[in-house]
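Remarks on the structure that follows.
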Amino acid sequence: LLLLFVFATNYAQQLPPIVKYSKDIYNAGIQNWMISQDNQRFMYFANNEGLLEYNGSKWILYPSPNETIIRSVKCINDKIYTGAFMEFGYWQRAANGELFYTSLSNSIKSKIKDDEQFWGIFPFDNYILFQSLEKIYVYNTKTKSFSIIEPNSTINKAFKTSNGIYYQTSNGLYEIDQGKGKLFLSNAIINNNKLINIFETSEGMLLVTQKQGIFKYKNGVFSNFQTTIDNDIKQTNIYSSYMLSDESIALGSISNGIFILSKEGRKLYHITQNSGLSNNTALSLYEDLDKNLWIGLDNGINCINLNSPINSYLDNTGILGAIYTSVTHNNKLYIGTNQGLFFKDLNATDKFEFVQNTKGQVWSLYSFQNTLFCGHDSGTFIVNGANANLIFSGSGTWKFEPYLNGTNYMLQGNYNGISVLEKKNNSWIYKNKIAGFNYSSKHFEIINNNKIYVSHEYKGIYKFSIDKSVSKATGIFKFKSPAKGKNATLVKYNNFIYYASKNGVFKLNTKTNQFIKDESLSTMFHNDEYVTGKMIVDKSNKLWFFTKNYIHYYSSGKLSSELKRNSLPIPSSMTNSMPGYENIFQLSATNYLIGTTDGFYILKNNDFKFTNYKVSLIRISNTVVNSKPINISITDETSLSHDQNNLTFHYTVPEYDKYINAEYQYKLDGLNDEWSDWSFNSQVVFENLLAGDYTFSVRAKVANSLTDNIATYSFVIKKPWYANTLAKLFYLFLLIFIGYYIHKFYTQYHEERHQKIITENNILLELKELENEQKIMKIKNEQLIQDVDKKSKELAVSTMNLIKKTELLNIIKGDLKSSTDSSTNRSIKAVISTINRNVNEENTWNVFKEAFDSADNNFLKKVKESHPALTPNDLRLCAYLRLNLSSKEIAPLLNISVRSIEIKRYRLRKKMNLPHEMGLVEYLLAI
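Just so you know, we're using this note's numbering here: the sequence shown kicks off at -15 and counts up by one.
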């Protein structure tokens, strides 16, 4: 196992970034036969399923006109020419941004052979040549006419140089001259080997063959072009090739990926599926205007950013592991990973070697006074070349900081506090642990010679001092603010202590002993950009931060203390590091190494500028309710109906760098005159826009460089028919008409209402009068009742008087009868006779009856009708009872005893069939 680590090497290369596009991304066929780019920098691919367009933001497939494989594509001026099975023509962009196809082959359909496919398209002067395996069709763009070149044998392939058009058959290499084929070169190599391409250089023509390598032809001399991969080429079938802008040559093979050679023939790269390609078969190659190399593969599309400021070192073997730290020491590059410590010569392409005894997690590397310290999970190592000596094993070691310049002490942060290394006899040894502070010290800094600040992720920030013997912590103090935070770190920069967490960046005020939030630095973490608070100070005194979509660095201003920010649009997904363990190391003045989980990146900071980019409006779609989106013109000012007020704007910057994403800002004058926030989204939707004039503007930035232009588009949303001028006039007349009738109806309504009120008032008056009449009647009735009661009382009084009179007369009559005065006997008899006449009961009853009926509304008649069986004596008793006379009072009136009255009352109840619970008097009073 030890030998395995000692001699283990990493066979990865330091490669430019490779962008991979699978068929699931571009949604078309797997094979891509030819590639081209138009003057808008849009990319086009001859795909199995049609013409495939990529504008940097969106893939669009235009199916071939006859549903066959498109074999060739070439952008010429504003047209995209394609060749397919028995079909060729061109595509042109319509006003709405879509491509439409025009066939050129239809006019000569009879001259095209069965199964003829068109593999090449070559512009030359005012001609365009379409090459199949049987013929070359020459199209005159001025006269719109065709001529045909038909060799005697099959055409292997055609080629274009600045001087002419060539094609190869089994008889040799031909040049087209005056519209006909003319033999240019014939020898055994040319005749027996398929030519892949012909390149024109200052040293002559280079001819790339499929199996025999590259040859040079100049002034009639045919010779071999020596390369460092001659054996590889001869063992590999070359299928495609392309000369890049710097005259280096890209070769695509059938099964061995691609080779890139310098113009002298030296191998620069060999990239295969193992080192990053999606597939080992390169059907087509193309260099775009930004010097990206596009590869049409047998399964997908790849783009190699040859001009990228970032190169990657990918460890496909897994031997290196995830890189946590790196340093240069004695002209060697050391990298510390979770697998151990590795090194190689700094400026060589050597393979990494394992440093003995360092197997396991390496946390930090620190070069000081010609000594390399290694902080390891096992403790602290001193590294000498390929060997490492363990000098401390009491705890894992996080980091190192020299203590008091000029002394021989080194502080190291450990898992359980801080310990001291001392240099004695030119060797570093462990001295002691700082007593009194036992917390993990991954991030600590020293200021004012002996004050130590420690950031603990789960506890917060501590401060303490070290005594003169460098053995004990004193005055331990824990800050209440800022609060602890995940992935928070602490660093010393420009002799100030900075602390970064998800809550922002804080700077220590040594006078108040408080951390104050630095609003300027904290803006980095706005818009959910926070991933980690990791901060790194490089050798050039730049302070680095890592956020979700950027790597930022700050540098001190030359004329002020204000920090100047620079942002590199490198997302955290690229570094692929564990949050809190990001690392960047300055290799040279401009080059930086960024460690990842499977290798590292080399960043050339001074090359991180992108210019000459333009933002383009590529599509504007309108969505009407319950309808599919319709693309509208993007070239002319457009007037839209009121219901076409849901617009989606699609825009793009055609840049194809793996790690650089364009950001966009937009505004819509007429709705909002302010620019939006920067966003990576390449489209925006506006819904329910009101009628009016609008101007949409969009701008972009690529790697912090603004695009050269602002794309604008003006449009008008018309008012609905019910809101135009004619409608408004109609509304005015209608308003006047309605106003007139409203006034008329209002007047009529109020008149009717007035009459109604008068009528209601009259009714109310009548009701009032009736009410008053009722009251009067009520008063009269009450008065009548009172009169009746009065008469009844009078009748009762009269009756009582009558009773008393009768009693008196009877008393007198009795007294007279008892008188024995004979002399007066006749006179007494006369008086008795008179008394008898006056106390006649029948006369008395009749008088009483008339008076009673008059006073009580025929009471006796009603009783007689209700109870026909009643006798006159019974009725007389009822009348007396009606007057509420007692039995004692009634007895004299009927000249019977009280007992007889009670009996008569009982008999009267029986005759009337009164229930037991009802009183006789009560009943009679109710009649």
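For each residue, glycine too, the CB sits at the ideal point set by N, CA and C.
Unbroken alpha helix (DSSP H) runs of length 4 or more, entirely within the region 538 to 568: which are they?
556 to 559
If you follow the beta strand (DSSP E) that Pro47 is in, where does it begin and where does it stop?
Counting along the chain, the unbroken beta strand (DSSP E) around Pro47 starts and ends at 43 to 47.
Assigned exposure category for Ala573 - 16 Cβ within 10 Å defines buried:
exposed
Can you say whether Phe717 is buried or exposed, counting buried as having 16 or more other CB atoms within 10 angstroms of its CB?
So Phe717 ends up on the exposed side.
Based on Cα-Cα distance, which residue from Asn434, Asn610, Lys251 lies nearest to Lys456?
Asn434
Considering Cα atoms alone, identify which of Lys4, Gln(-2), Lys42 is closest to Phe633.
Lys42
For Ser806, the three-state DSSP class (helix, strand or coil)
Model confidence at Ser806 stands at a pLDDT of 47, short of 50, so the residue's coordinates are unreliable; what they give is reported in the following sentence. Ser806: helix per DSSP, three-state reduction.
Grouping DSSP H, G and I as helix and E and B as strand, with all else coil, what is Glu513?
coil
Just tell me which of Met558, Tyr534, Pro563, Ser561 has its CA closest to the CA of Asn550.
Tyr534
N-terminal and C-terminal residue of the beta strand (DSSP E) that Pro466 is part of
Pro466 -> no beta strand (DSSP E), and no H or E assigned at all.
Backbone secondary structure at Ala484 - three-state DSSP:
strand
Three-state secondary structure assigned by DSSP to Phe798
In the sequence as presented, Phe is not what sits at residue 798; that position holds Gly. DSSP places Gly798 within a helical segment (H, G or I) once states are collapsed to three.
In whole angstroms, what is the alpha-carbon distance linking Ile285 and Tyr28?
Per the coordinates, the alpha-carbon of Ile285 lies some 11 Å from the alpha-carbon of Tyr28.
Kindly give me the distance between the Cβ atoms of Asn221 and Ile238, rounded to whole angstroms, as I take these residues to be in contact under 8 Å.
4 Å
Spatial distance of Gly34 from Gln21 (CA atoms):
16 Å
So, are the CB atoms of Gln649 and Arg603 less than 8 Å apart?
no
Report yes or no: do the region 149 to 156 and the region 167 to 184 share at least 3 C-beta pairs separated by less than 8 Å?
The region 149 to 156 makes contact with the region 167 to 184; the number of CB pairs closer than 8 Å reaches 3 or more.
Cβ neighbour criterion (16 or more within 10 Å) applied to His738:
exposed
Contact belief for Leu269 with Ile279 at Cβ below 8 Å, rounded distance in angstroms
Yes, Leu269 and Ile279 are in contact; Cβ-Cβ is about 6 Å, under 8 Å.
Grouping DSSP H, G and I as helix and E and B as strand, with all else coil, what is Tyr399?
coil
What is the rounded straight-line gap between the Cα of His851 and the Cα of Glu753?
43 Å
Given Met18, which residues of its chain have a CB within under 6 Å of its CB, disregarding the five upstream and five downstream residues?
Closer than 6 Å at the Cβ level, and outside the excluded window around Met18, lie Ala30, Ser56, Val57, Ser268.
Entirely within the region 3 to 61 and at least 3 residues each: give me those beta strand (DSSP E) ranges in chain order.
16 to 21, 27 to 31, 34 to 38, 43 to 47, 56 to 60
Determine the burial state of Lys470: buried for a count of at least 16 other Cβ atoms within 10 Å of its Cβ, exposed for fewer.
Under this definition Lys470 is an exposed residue.
Look up Lys894 in the DSSP assignment and say whether it is helix, strand or coil.
helix
For Pro386 and Ser424, what's the separation of their Cα atoms in angstroms?
18 Å
What are the residues that DSSP puts in a beta bridge with Pro107?
Ile112
Would you call the CB atoms of Ala467 and Ser600 closer than 8 Å?
Inclusion of Ala467 and Ser600 in the CB contact set at 8 Å is not warranted, their separation being larger than that value.
Range of the contiguous alpha helix (DSSP H) that encloses Arg860
856 to 866
Taking contact to mean at least 3 C-beta pairs separated by less than 8 Å, is the region 61 to 72 in contact with the region 577 to 587?
Three or more Cβ pairs closer than 8 Å define a contact, and the region 61 to 72 falls short of that threshold against the region 577 to 587.
Is Thr211 helix, strand or coil when you go by DSSP?
coil
Is it buried or exposed, Arg860, if we count other Cβ atoms within 10 angstroms and call 16 or more buried?
buried
If you follow the alpha helix (DSSP H) that Pro852 is in, where does it begin and where does it stop?
Segment: none, Pro852 is in no alpha helix (DSSP H) and carries neither H nor E.
Considering just the uninterrupted stretch of the alpha helix (DSSP H) at Leu169, what are its terminal residues?
Taken as a continuous stretch (DSSP letters only), Leu169 belongs to no alpha helix (DSSP H), being part of the beta strand (DSSP E) at 164 to 169.
DSSP three-state assignment for Glu134, whether helix, strand or coil:
coil
Any idea what DSSP makes of Leu713, helix, strand or coil?
helix
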